[in-house]
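**Q** Please find one structure pasted underneath; my questions will follow.
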Amino acid sequence: MPALSTPVKTAISDLVQNQHEPFYFYDLDALHAHLTQLTEQTVVKLWYAVKANPLSSIIQTLDQAGFDFDVASSGELQQVLAQGINANRVLNTGPAKSKRQIEEFLSLGVTTFVAESLNQVAWLQDAAKRHKIQLRILLRIQLRWPDNEKNPLGGDSLTPFGLGTQEWSSLSISEYDHLDFVGLHIFQWGNMLDAEKLASLWQQMIDPLVTLAEQLDINLRVLDLGGGLGIPYAASQSAIDWSVILDSLENIKKQANVDELWMELGRYAVGECGYYVNPVVEQKRNYSSNQLILAGGINHILRPAVTTQAFPAELLRDSTSTPKTFTLHGPLCTALDHLGEHTLPGDITEQDWIVFSQCGAYGFTESMPYFLCHTLPSEYTYQSGQTRCVRPPLTPQNYLR
Ligand SMILES: Cc1ncc(COP(=O)(O)O)c(C=O)c1O
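Structure, rendered in structure tokens:
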């Protein structure tokens, strides 16, 4: 797992001189370097899953690196378009596409959709007919595995994401003259760090997908494998090797005999570029446990409560004090507000700051910011030696009515 680099540590240390509230900090130089390495290949077309982090400067960095954009709501679409990105570079995924949302997306120029139900197909056809346009459609497939393996995207659980092959098999594509069924979409496992396991899951998908495409008389030109590439959150984990992923994808592309493979990456694209910087309120001993109470918790960074997986944490200041094991807690009145157990220098006081890393994806916008009326965290970027506040903090006086 990458440690806090010296320039980032210096920039954050400078910032905290004038800060009292938690904030997010994104290293855009590191992000750009990482993304260009991902796009320097011809195996897979990459979209950015905006849900991972919709901050304007993050979207702009993805744009500069050659990604197109996967949006799951009207808000995400508006945010992408506001960065000057053309709607023909937008893909719309998500199980809740109302007629109203479809109409809005077409009015704004979006023409590529992942359809997740028979209704969505019919509603996309109706809207496309009204607009006298042709849409590119991928059908989202949900397969079942015997493994009984779960994760937030479902794994083997039954979810609302797409439909089973049996349900899709009733679709008669010739009835939809405004829809060009270019391919299939499948995505059921998130945060995978095992490249072999991922390759094996993809491998098992080919047969049922190709069979369904034949059954529906779809000329399978595109296969979209979603996201799911993980990043390490614990010291015992190691990063996934992109070149190994590319080798697997190349094989899948050949075996499925498609012109294009697509993925829409969230976590793997932006997760490693972000930090959540959090002031210590106090250290206390409770029964036999060392507790650190922090100014921000799951109101700013919810993920540990959802996954029970902590973000890596370190003390911002250098210290030679003997390390102790601490449990880290936020300010909310719930035991769920727990940011993990960490080994940190023992001399931490209320003057200190804790820096959580790997926070670039599924950070602030995945959280529960209004509970207990705390200030919403600001977001800073760091690029070519400059720190910039992209979004200032929002106090409760400014959001409560
Ligand atoms: C349809 C779809 N594609 C891509 C992603 C991004 O996944 P990840 O962050 O694992 O790359 C998501 C995340 O929920 C998703 O729902």
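Residue 1703 in the numbering used here sits at position 354 of the sequence shown, and the numbers go up by one each step.
Where a beta carbon is used, it is the ideal one built from N, C-alpha and C, also for glycine.
(1) In whole angstroms, give me the CA-to-CA distance for residue 1720 and residue 1648.
(2) Closer than 8 Å is the cut-off here; do at least three beta carbon pairs connect the segment 1718-1732 with the segment 1695-1705?
(3) Identify the residues that DSSP records as bridge partners of residue 1532: which are they?
(4) What residue range is occupied by the uninterrupted beta strand (DSSP E) comprising residue 1607?
(5) Taking the alpha carbon of residue 1514 as the reference point, which residue from 1473, 1546, 1559 and 1541 has its own alpha carbon closest?
(6) With respect to 7 Å, is the separation between the Cβ of residue 1616 and the closest non-hydrogen atom of ligand 1 below this value?
(7) Three-state secondary structure (DSSP) at residue 1370?
(8) When DSSP builds the beta bridges, which residues end up paired with residue 1676?
(9) On a CA-only basis, which of 1680, 1449, 1459 and 1527 is nearest residue 1430? Give me that one, please.
(10) Is it buried or exposed, residue 1369, if we count other Cβ atoms within 10 angstroms and call 16 or more buried?
(11) Within 10 angstroms of its Cβ, does residue 1446 collect 16 or more other Cβ (buried), or is it exposed?
(12) Counting along the chain, where does the beta strand (DSSP E) carrying residue 1412 start and finish?
(13) Taking the alpha-carbon positions, what's the residue 1491 to residue 1563 distance?
(14) So if DSSP puts residue 1738 in a beta bridge, which residue, or which two residues, is it bridged to?
(15) Please report the distance separating the alpha-carbon of residue 1608 from that of residue 1621.
(16) According to the neighbour-count rule (16 or more other Cβ atoms, all chains shown, within 10 Å of its Cβ), is residue 1400 buried or exposed?
(17) Cutting at 7 Å between CB atoms, please list the residues of its own chain near residue 1509, excluding the five before and the five after it.
(18) Taking the straight line between their C-alpha atoms, what separation do you get for residue 1385 and residue 1484?
(19) DSSP three-state call for residue 1601: helix, strand or coil?
(20) DSSP three-state call for residue 1474: helix, strand or coil?
(21) Report yes if the C-beta of residue 1720 is less than 7 Å from at least one heavy atom of ligand 1; otherwise report no.
(22) DSSP puts residue 1456 in a beta bridge; with which residues?
**A** This is what the structure holds:
(1) Taking the straight line from one Cα to the other gives about 6 Å.
(2) Result no; under three Cβ-Cβ pairs closer than 8 Å.
(3) Answer by DSSP bridge pairing, in chain order: 1487 and 1571.
(4) No residue range can be given for residue 1607, since it is assigned to no beta strand (DSSP E) and is classified by DSSP as neither H nor E.
(5) Comparing Cα positions, the closest option is 1559.
(6) It does: the Cβ of residue 1616 is within 7 Å (strictly closer) of some heavy atom of ligand 1.
(7) Under the three-state reduction of DSSP output, residue 1370 falls in the coil class, being neither helix nor strand.
(8) Within the DSSP bridge table, the entry for residue 1676 names 1640 and 1690 as partners.
(9) Scanning 1680, 1449, 1459 and 1527 for the CA closest to the CA of residue 1430 turns up 1459.
(10) Residue 1369 should be labelled exposed.
(11) Taking a 10 Å sphere around the C-beta of residue 1446, we find 16 or more other C-beta atoms and assign the residue as buried.
(12) Premise fails: residue 1412 lies in the alpha helix (DSSP H), 1405-1413, not in any beta strand (DSSP E).
(13) Looking at the two C-alpha atoms, the distance is approximately 17 Å.
(14) When beta bridges are read from the DSSP output, residue 1738 appears opposite 1729.
(15) For residue 1608 and residue 1621, the distance between alpha carbons rounds to 31 Å.
(16) The residue is buried, with at least 16 neighbouring Cβ atoms inside 10 Å.
(17) If we look at residue 1509 and ignore the five residues flanking it on each side, its Cβ neighbours are 1444.
(18) Whole-angstrom Cα-Cα distance: 30 Å.
(19) Looking at residue 1601 - three-state DSSP - the assignment turns out to be helix.
(20) For residue 1474, the three-state secondary structure derived from DSSP is helix.
(21) Checking the Cβ of residue 1720 against ligand 1 gives no.
(22) Residue 1456 has no beta-bridge partner at all, per DSSP.
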